[in-house]
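Q:
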Amino acid sequence: MKDDLMKIKKTLIVLASIVGLLLIFRLINPNITKKITTLDCESTYKKSIFGREYEGYNYHNAKVDIAKCLCEKYLTTKNKKYEIEIRKILKEFEAYDEIKNEQIDNICRDKETIFIYWYYE
27 MKDDLMKIKK TLIVLASIVG LLLIFRLINP NITKKITTLD CESTYKKSIF GREYEGYNYH
87 NAKVDIAKCL CEKYLTTKNK KYEIEIRKIL KEFEAYDEIK NEQIDNICRD KETIFIYWYY
147 E
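What follows is the structure, given as structure tokens:
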């Protein structure tokens, strides 16, 4: 009986310690910096260790930076590889159906109105 009580007590202490550590870690909630690279354009963003990879405005804003960079490169080179990557990013955005038939030159010239930063979640 005494041995059973000791095992239960040890198990409860271990479980309470694990839960306590998880709660502390969750409250601290460290951010990690992630890097996105597409062709020769790069951007970084911060995300919570507990957040999903593609969640939140930080990821979206990093993709906006990439899209704007790709547009600048496309407008100077007219290289098709940039257009392909720009269209991939556009597909991630909600307004894609409205502009999918638009010429890439127009999209890139209007990049500041098409690729808009999110400030709130």
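Counting from 27, one number per residue, gives the positions in the sequence shown under this note's numbering.
Here a beta-carbon is modelled for each residue, glycine too, at the ideal position from N, C-alpha and C.
If you're wondering where the values come from, they're calculated on a predicted model, not measured in any experiment.
Taking Cβ positions, are C67 and L96 nearer each other than 8 Å?
A: Position 41 of the sequence shown, counted from the first residue, corresponds to residue 67. Position 70 of the sequence shown, counted from the first residue, corresponds to residue 96. A contact, by the Cβ cut-off of 8 Å.
Q: What are the partner residues of S43, as DSSP defines its beta bridges?
A: Locating residue 43 in the sequence shown gives position 17, where the first residue counts as 1. S43 pairs with nothing; no bridge assigned.
Q: Three-state secondary structure (DSSP) at E138?
A: The residue given as residue 138 occupies position 112 in the sequence shown. The answer is helix: DSSP assigns E138 an H, G or I state.
Q: When we look at the beta-carbon of V40 and count the other beta-carbons within 10 Å, is it buried (16 or more) or exposed?
A: Locating residue 40 in the sequence shown gives position 14, counting from the first residue. The residue is exposed, with fewer than 16 neighbouring Cβ atoms inside 10 Å.
Q: In angstroms, rounded to a whole number, what distance separates the CA positions of N105 and K94?
A: Looking up residue 105 in the sequence shown gives position 79. Looking up residue 94 in the sequence shown gives position 68. If I take the Cα positions, the gap works out to 15 Å.
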